[in-house]
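K.L.:
In my numbering, the protein residues as written are -14 to 209.
See below:
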């Protein structure tokens, strides 16, 4: 899952970046409204965490611009502007949630998880497909109650396929979801991760199939 953090306070942005990356998300950071507006017009994100008091362009204007472009990323406003009027304005403009600084980190992490779950169209934090279950809160996969150990990149790929189980996910969409600005991930690398995932999933009755020229999808093996 890919997150854009828009925050002009460098110390806070570095702290939140570390927390989000530590949870396994691909995270990009920009420090002003104009940059946020530009990047959300060209890149795809699952969640935008948006400050309002931003240089160059106010956060509400960024939000207004996003929704005018039919950008469907979830938006969590994270700001010191906590009046009732500001909250109502932000929510009416299309924000999905609103948190006021200072805030509790555990609550922040929980709200991020909820928004990402909603973005994927899921009601529960535990998703099952075949013999494997995925816990969105801990971002762990398990089979018969036993955790399946999966390296970070492969875990991110499986998460994307798992949350769209049975549906084809394009290669470019996978790359967008797995990488931040400073990452370099090629289509060939995705093929390698897919190959490794197939070996890890085979004992549990799942596989990753190729939709030639389009992308990949998660499927149950015929004999599972």
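Built from N, CA and C at the ideal position, the CB exists for glycine as well.
Being a predicted model, the structure only gives us computed values, none of them experimental.
Which of helix, strand or coil does DSSP assign to residue 178?
P.N.:
Here residue 178 sits in helix by DSSP.
K.L.:
Rounded to a whole number of angstroms, what is the C-alpha to C-alpha distance between residue 57 and residue 116?
P.N.:
So the two alpha carbons sit approximately 32 Å from each other.
K.L.:
So, at 8 Å on beta carbons, what are the nonlocal neighbours of residue 155 in its own chain, with the 5 sequence-adjacent residues on each side left out?
P.N.:
Same-chain partners within the cutoff: 199 and 200.
K.L.:
Leaving aside the five residues before and after residue 105 along the sequence, list all residues of the same chain whose C-beta is less than 6 Å from its C-beta, in chain order.
P.N.:
Excluding sequence neighbours, residue 105 sits near 148.
K.L.:
According to DSSP, which residues form a beta bridge with residue -13?
P.N.:
BP columns for residue -13 point to 11.
K.L.:
How many angstroms separate the CA atom of residue 30 from the CA atom of residue 21?
P.N.:
Spanning the two alpha carbons is a distance of roughly 12 Å.
K.L.:
With residue 50 as the anchor, note down where its alpha helix (DSSP H) starts and where it stops.
P.N.:
Its alpha helix (DSSP H) spans residues 44 to 53.
K.L.:
For residue 192, collect the residues of the same chain with a Cβ closer than 7 Å to its Cβ; drop the 5 residues on either side in sequence, then sort them by chain order.
P.N.:
Cβ neighbours of residue 192 beyond the five flanking positions: 183, 186, 204 and 206.
K.L.:
Does residue 92 pass the burial test, meaning 16 or more other C-beta atoms within 10 Å, or should it be called exposed?
P.N.:
Under this definition residue 92 is an exposed residue.
K.L.:
Alpha carbon to alpha carbon, how far is residue -14 from residue 59?
P.N.:
Their Cα atoms are separated by approximately 12 Å.
K.L.:
Within its chain, find whatever has a CB closer than 6 Å to the CB of residue 150; leave out the 5 residues flanking it on each side and keep chain order.
P.N.:
Cβ within range, chain order: 114 and 203.
K.L.:
Please list, in chain order, all residues of the same chain as residue 66 whose beta carbon is under 7 Å from its beta carbon, the five residues on each side excluded.
P.N.:
Excluding residues within five positions, the ones whose Cβ falls inside 7 Å are 37 and 38.
K.L.:
Just to confirm the assignment, what range does the alpha helix (DSSP H) spanning residue 26 have?
P.N.:
Segment 18 to 27, the alpha helix (DSSP H) holding residue 26.
K.L.:
On a CA-only basis, which of 41, 9 and 48 is nearest residue 26? Give me that one, please.
P.N.:
Considering only alpha carbons, the answer is 48.
K.L.:
Would you mind giving the Cβ-Cβ distance between residue 61 and residue 101, rounded to the nearest angstrom? I have them listed as a contact below 8 Å.
P.N.:
No, residue 61 and residue 101 are not in contact; Cβ-Cβ is about 10 Å, not under 8 Å.
K.L.:
Taking buried to mean at least 16 other C-beta atoms within 10 Å of its own C-beta, is residue 90 buried or exposed?
P.N.:
When all chains shown are included, residue 90 counts as exposed.
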